[in-house]
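Some notes on the structure that comes next.
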Amino acid sequence: MPLQVSDYSWQQTETAVFLSVPLRGVCVRDADVFCTENYLKVNFAPFLFEVFLYAPIDDESSKAKIGDDTIVFTLRKKEAVLWEALSVSGVDKEMMQRIREKSILKAQERAKEATEAKAAARREDQKYALNVMMKIEDEEREKIERMKENERVKATKELEAWKKHQRKAEEQKRIQREDKLHQQEKQIEEGKKLKHKSFPRNSTSKNLATKGRNSENIFSEKLKEDSIPAPRSIGSIQVNFTPRVFPTALRESRVAEEEEWLHKQAEARRTMNTDIPELSDLKEEEKNPEWLKDKGNKLFATENYLAAINAYNLAIRLNTKIPLLYLNRAACHLKLKNLHKAIEDSSKACRIMKLHLRLIHPTKLYKMMLRRFGI
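68 is the number of the first residue of the sequence shown in the numbering used here; add one for each residue after it.
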């Protein structure tokens, strides 16, 4: 059984009632307050306080303050009248039960109405937001359509202008062709007239020339027979060429690059002569370090770093003096976060490049630099 709280105090004005209910250890989260127009209840286990109000109140504007082991209510009256007492007198148990049930039903109805109103307000907000969004999308669509139409009109104008320009150019070309043909026709006609005028003179000169030529044939045939030289004797001419590995002439070749390529090929052949199990399954063209380097570059581009490292490893076993192989393998290790191996390969590449620069003759190095920069 809950303990009924009876030591409460209250005061009133014409518009409000101030009620103070003492509860030991009361807490905001544990106190259950229920208030309607004619009924007020506070449930705080094991305490219970309820009162059937003398006159109706405005429960929406009424307030309750919990603190210091006390609940203080500020109840706003619906009518500005002084009450004779806080609760209605002469209320039996049945009437109390009816008032409780009526208050609960009314509170449920109000809660339902509030929920429906909240849902309706939410639907209205969603509808408004949807309408605003549709309006914005329509404006954006219209803007895009206007831009498309403007671009279409602009492109149409440019196309018409280009067609007009092309027609003018074709018309000018046609006029030029006609003028050229007309000039050629004039020249042909003039040439025909000149030939027609000079024909008799040419015929007489031809006759004279033939007569003179016939008179000279008797002596010229004998002279021709005496002036014919004897045929040449058969012989052979030897031509010595500079020995070249490549089919190009020496003036067209790149000696430094060709010597380096030959050196790499010789070193690769020496390596292939050794017993390397990985080379047994490869084709003859796949045993070239340059081919393996290109294969590793393609695998690196597809982010298959482990396969690229394998290709570079085999190329390095074939030729250990190509710095690009070490640099490319260092890039793969850097992608795989193998920082120590990346540093090691970069250092090897730097050492090989320094060694190459020391071995190259200064004059040859100067020529290579001139060829590299196109001077």
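Even glycine gets a Cβ: it sits at the ideal position worked out from N, Cα and C.
Paired residues, beta bridge with residue i - DSSP
i: glycine 258; result: Looking at the DSSP assignment, glycine 258 forms no beta bridge with any residue, so it has no partner.
i: glutamate 117; result: Lys108
i: aspartate 205; result: Its beta-bridge partners do not exist; DSSP assigns none.
i: aspartate 125; result: Arg143
Assigned secondary structure, residue i (DSSP; H/G/I helix, E/B strand, else coil)
i: glycine 134; result: strand
i: isoleucine 285; result: Below a pLDDT of 50, predicted positions are generally treated as unreliable, and isoleucine 285, at 46, falls in that range; no measurement from the model is reported.
i: glutamine 71; result: strand
i: tyrosine 379; result: helix
i: leucine 86; result: strand
i: serine 414; result: helix
i: lysine 145; result: coil
i: glutamate 325; result: helix
i: phenylalanine 266; result: For phenylalanine 266, the predicted model reports a pLDDT of 49, less than 50, meaning its position is unreliable; a value from the coordinates is still stated below. Helix at phenylalanine 266.
i: valine 158; result: coil
i: valine 306; result: coil
i: valine 220; result: helix
i: valine 139; result: strand
i: valine 199; result: helix
i: tryptophan 150; result: coil
i: arginine 96; result: coil
i: threonine 277; result: Note that threonine 277 has pLDDT 48, beneath the 50 cutoff, so the model's placement of it is unreliable and the number below is only indicative. Looking at threonine 277 - three-state DSSP - the assignment turns out to be helix.
i: serine 272; result: Reliability fails at serine 272, whose pLDDT of 46 lies under 50, so the model's placement of it is uncertain and no value is given.
i: serine 300; result: coil
i: isoleucine 442; result: At isoleucine 442, the pLDDT of 45 sits below 50, so the modelled position is not reliable and the matter cannot be decided from this model.
i: arginine 241; result: helix
i: lysine 350; result: coil
i: arginine 167; result: helix
i: arginine 91; result: coil
i: threonine 182; result: helix
Continuous alpha helix (DSSP H) stretch holding residue i: start and end
i: tyrosine 393; result: 390–402
i: tryptophan 358; result: 356–368
N- and C-terminal bounds of the beta strand (DSSP E) containing residue i
i: aspartate 99; result: 99–102
i: tryptophan 77; result: 76–79
Any non-hydrogen atom of the ligand ATP closer than 6 Å to residue i Cβ
i: phenylalanine 101; result: As presented, the structure is devoid of all ligands, the ligand ATP included, so that no description of it is given.
> Do the stretch 178–195 and the stretch 124–142 make contact, defined as three or more Cβ pairs closer than 8 Å?
Replying inline: The answer is no - the stretch 124–142 does not touch the stretch 178–195, with fewer than three Cβ pairs under 8 Å.
>> With a threshold of 8 Å, are at least 3 pairs of Cβ atoms found where one atom belongs to the stretch 92–109 and the other to the stretch 162–178?
In response: In this structure the stretch 92–109 lies against the stretch 162–178, because at least three pairs of beta carbons, one per stretch, are closer than 8 Å.
>> Measuring CB atoms only, is the stretch 146–153 touching the stretch 77–86, in the sense that at least three cross pairs come out at less than 8 Å?
In response: Between the stretch 146–153 and the stretch 77–86, the count of C-beta pairs closer than 8 Å reaches three or more; the two stretches touch.
>> Using a Cβ distance threshold of 8 Å, determine whether the stretch 157–166 contacts the stretch 189–203, with at least three qualifying pairs required.
In response: Between the stretch 157–166 and the stretch 189–203 there are fewer than three C-beta pairs closer than 8 Å, too few to call the two in contact.
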